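J.:
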Amino acid sequence: MNEILRLQHESSDSPHTDATWSLLSESAINSIAQYDAYRLEIELEGLAPQIREKIMEPLYSMRRLLSSWEHLVRRMESDWKLPGQYPISAYINDLDSRSRLQIAMATLNDEAQAALSPLLAELDNRFLHESVPDESGELRPWLKPSSGEEPQGFWLRKPHRHPW
1426 MNEILRLQHE SSDSPHTDAT WSLLSESAIN SIAQYDAYRL EIELEGLAPQ
1476 IREKIMEPLY SMRRLLSSWE HLVRRMESDW KLPGQYPISA YINDLDSRSR
1526 LQIAMATLND EAQAALSPLL AELDNRFLHE SVPDESGELR PWLKPSSGEE
1576 PQGFWLRKPH RHPW
């Protein structure tokens, strides 16, 4: 299972995540695998058995969360020139991924946190550089965290320029 976790989702959309993943220790991989197994059980709850047996990894795995956040940052840095459309619903999903990352990181052992924290801090700083506070509330009608909580932090920012 750990080797599968190490190799899954090779993607040029998130090269920093890929590079960080390639350097993870066995202890960090094990900790991430525990989070992913927990997350998978949550996502499988209530699904029919024939569907459950086909799902092998969580939609919100640790790697996918980091990749999603990195992909958003890279899109913003490219002035939205990366291929593919990017509707506001994708932006909401990426902000939601960042919120989930905060919770997920707290479940990891110290070694995994130490390995992933520099990447997360770098991506956060890059996001902050590419965004401004949404003081006018321009995006607020659409930005609703899936947790149902009031938007805060990154949710209260908007890209310098956006494609919507």
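All you need for my numbering is the position in the sequence shown, starting with 1, plus 1425. All C-beta atoms, glycine included, are put in the ideal place defined by N, C-alpha and C. This structure is a prediction, so every number in the text was calculated from the model and none was measured.
1. Give me the Cβ distance between L1526 and L1581, rounded to the nearest whole Å; I'm assuming they're in contact under 8 Å.
2. List the endpoints of the continuous alpha helix (DSSP H) containing P1558.
3. Can you tell me where the alpha helix (DSSP H) holding R1523 begins and where it ends?
4. Please classify P1474: does DSSP put it in a helix, a strand, or coil?
5. Among L1533, L1484, N1455, G1471, whose alpha-carbon lies nearest the alpha-carbon of L1465?
6. Rounding to the nearest angstrom, what Cα-Cα distance links E1502 and P1474 in this structure?
7. When the Cα atoms are used, what is the spatial distance from I1476 to I1467?
8. Is DSSP giving R1582 helix, strand or coil here?
9. Just curious, the alpha helix (DSSP H) that H1587 is in, first and last residue?
10. Comparing alpha-carbon positions, which option in S1524, P1512, W1446, A1458 lies nearest M1481?
11. Which residue from L1448, V1498, Y1460, R1488 puts its Cα closest to that of E1547?
12. Count the other CB atoms, across all protein chains shown, that sit within 10 Å of the CB of H1496; report buried if there are 16 or more and exposed otherwise.
13. Which of helix, strand or coil does DSSP assign to W1567?
14. Can you look up I1480 in the DSSP assignment and give me helix, strand or coil?
15. Along the alpha helix (DSSP H) that carries L1449, what are the first and last residues, could you check?
16. For S1486, I'd like the list of residues in its chain whose CB is within less than 7 Å of its CB, leaving aside the five on either flank, ordered along the chain.
T.: Quick answer:
1. The Cβ separation is near 17 Å, so there is no contact.
2. Counting along the chain, P1558 falls outside any alpha helix (DSSP H), though it belongs to the beta strand (DSSP E) covering 1556 to 1558.
3. 1513 to 1532
4. helix
5. L1484 is the residue among L1533, L1484, N1455, G1471 whose C-alpha sits nearest the C-alpha of L1465.
6. 42 Å
7. 14 Å
8. strand
9. Premise fails: H1587 is in no alpha helix (DSSP H) and is neither H nor E.
10. A1458
11. V1498
12. With 16 or more Cβ atoms within 10 Å of its Cβ, H1496 is classed as buried.
13. DSSP, read as helix, strand or coil, puts W1567 in coil.
14. coil
15. No alpha helix (DSSP H) holds L1449; DSSP gives it neither H nor E.
16. D1461, R1464
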